[in-house]
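K.L.:
Residue numbers (our numbering): 195 to 499. I have a structure here, written as structure tokens, and I will follow up with some questions on it.
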Amino acid sequence: MADLDPYLLRAFMAVAELGTVSAAAQTLHRTQAAVSMQIQRLEALTGSTLFERTPRGLRLTAQGLILWPCARDILCANALALQRMRDQHVQGRVRLAVVEDIAAARLHHLLRHFHDHTPNVQLDLIVAGNRALGAQFDDDRIDLMVCDAGAVRAEPLASWQEELVWAVRSDLWPKMRDEWPVVMFAEGCPWRLDVVKHLSHSKHAWKTVCEASTLVAMSTALQVGIGMGPMMRGTVPPDCREVGVAEGAPAPVVLHVALFARAAASPQARYLADFLLKSLPNQRGVPSAEAPPRARPARRRAAAV
């Protein structure tokens, strides 16, 4: 039984993406003759012509387009297998600090996946507000940190946007439309300023009816029915719900969040950072999912008159 050699598939993928054998050879650090031979071997193995020549270079044939997603999946599975084997050898201790809202909204799912594949890495998890985490990071007591992008004066490894939606006890929203009673973040939280600016731009009457210093405090205030408050979707408590613009509520508040690493971070900390970079949403500079090169469109013959 014939097998599709990943060595041949990498050459196939490179030629398909770049359009020429010479460009693929340069990317793969091989000679043009070696890459051409790999394509010929793959075509002989599959019994198909995989490329056709065009004025702009090589394009996938219909058979090549069939092979494309299979080749991508095979190479991804190969990389995943090697990665999981390497995961077992990573060990050490990492001090990870995360702002409370993000820890509750999404982090436990990511860390569970990380721990399942990297069981020899011990995690010290510090959960606190942005200001407190920033102070610990400045004192060099944290390896990695996920918090507000402006919490420290350092260059982040990556940054992305999160949203604070407006949550309220499920049975109270229609009664709050005349003047919005807002449960506000406590003084010192950088998100408080974002929320105040957002509400001020809404040109709707509002007032602060309660200040919440923690996520638990915010959740409790909403469940009691004191007012409406800004929360990440994954943290909206039971018996409460998100209210949107269509219902007359303010639009979500956009936050800028970042991942920071200590300058002298250990190899295991860098390993966790790489894992988070692949898992966290909407990061700047992260490429979109691959799309296969388009097949050459068939020319239509003019109908005979």
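Even for Gly, the Cβ is constructed at its ideal location relative to N, Cα and C.
Can you give the Cα-Cα distance for Gly421 and Gly442, rounded to whole angstroms?
P.N.:
As a working note, residue 421 is residue 227 in the sequence shown. As a working note, residue 442 is residue 248 in the sequence shown. Taking the straight line joining both Cα atoms gives about 15 Å.
K.L.:
If we require 3 or more residues per run, which beta strand (DSSP E) segments fall completely within the region 229 to 253?
P.N.:
Runs found: 245 to 248.
K.L.:
Work out the CA separation of Leu351 and Asp197 for me, nearest whole Å.
P.N.:
Counting from one through the sequence shown, the residue named residue 197 turns up at place 3. Counting from one through the sequence shown, the residue named residue 351 turns up at place 157. Spanning the two alpha carbons is a distance of roughly 40 Å.
K.L.:
Can you give me the C-alpha to C-alpha distance between Val430 and Val359, rounded to a whole angstrom?
P.N.:
Along the sequence shown, read from residue 1 onward, the residue named residue 430 stands at position 236. Along the sequence shown, read from residue 1 onward, the residue named residue 359 stands at position 165. When rounded, the distance between both Cα atoms is 9 Å.
K.L.:
State the start and end residues of the unbroken alpha helix (DSSP H) segment that holds Arg306.
P.N.:
Here residue 306 corresponds to residue number 112 of the sequence shown, with the count starting at 1. Looking at the DSSP string, the run of the alpha helix (DSSP H) that includes Arg306 is His302 to His311.
K.L.:
Are Cys434 and Leu416 closer than 8 Å when you measure CB to CB?
P.N.:
Reading the sequence shown from its first residue, position 240 is the one you call residue 434. Reading the sequence shown from its first residue, position 222 is the one you call residue 416. Yes.
K.L.:
Output the distance between the C-alpha atoms of Glu294 and Arg300, rounded to the nearest integer angstrom.
P.N.:
Here residue 294 is taken as the residue at index 100 of the sequence shown, counted from 1. Here residue 300 is taken as the residue at index 106 of the sequence shown, counted from 1. The alpha-carbon atoms of Glu294 and Arg300 are separated by roughly 10 Å.
K.L.:
Roughly how many angstroms separate the alpha carbons of Pro446 and Ser394, rounded to a whole number?
P.N.:
Here residue 446 refers to the residue found at position 252 of the sequence shown. Here residue 394 refers to the residue found at position 200 of the sequence shown. Distance between the alpha carbons of Pro446 and Ser394: 13 Å.
K.L.:
Return helix, strand or coil for Ala458, following the three-state DSSP convention.
P.N.:
Mapped onto the sequence shown, residue 458 falls at position 264. Correct three-state label for Ala458: coil.
K.L.:
Between which two residues does the alpha helix (DSSP H) containing Thr221 stretch?
P.N.:
For the purposes of this step, residue 221 is taken as the residue at position 27 of the sequence shown. Unbroken alpha helix (DSSP H) run through Thr221: Val215 to Leu222.
K.L.:
Applying the criterion that 16 or more other CB atoms from any shown protein chain within 10 Å of the CB defines a buried residue, is Ser407 buried or exposed?
P.N.:
Numbered from its first residue, the sequence shown carries residue 407 at position 213. Exposed is the call here.
K.L.:
With a threshold of 8 Å between beta-carbons, can Cys341 be considered close to chain B, or not?
P.N.:
Of the chains in the structure shown, none is chain B; there is only one protein chain.
K.L.:
Closest by CA to Trp262, which one among Arg335, Ser242 and Met339?
P.N.:
The residue given as residue 262 occupies position 68 in the sequence shown. Checking every option, the nearest Cα to that of Trp262 belongs to Ser242.
K.L.:
Does DSSP classify Thr402 as helix, strand or coil?
P.N.:
Your numbering for residue 402 matches position 208 in the sequence shown. It is a strand residue.
K.L.:
Below 8 Å on the Cβ atoms is my guess for Val437 versus Asp342; work out the distance and round it to an integer in Å.
P.N.:
Counted from its first residue, the sequence shown places residue 437 at position 243. Counted from its first residue, the sequence shown places residue 342 at position 148. Val437 to Asp342, Cβ: 24 Å. No contact.
K.L.:
Which residues bound the alpha helix (DSSP H) around Ala523?
P.N.:
The structure shown does not extend to residue 523, since the chain spans only 195 to 499, so no value can be given for it.
K.L.:
Which runs of the alpha helix (DSSP H) fall wholly inside the region 319 to 388 and span at least 4 residues, in chain order?
P.N.:
Within the region 319 to 388, the complete alpha helix (DSSP H) runs of at least 4 residues are 324 to 332.
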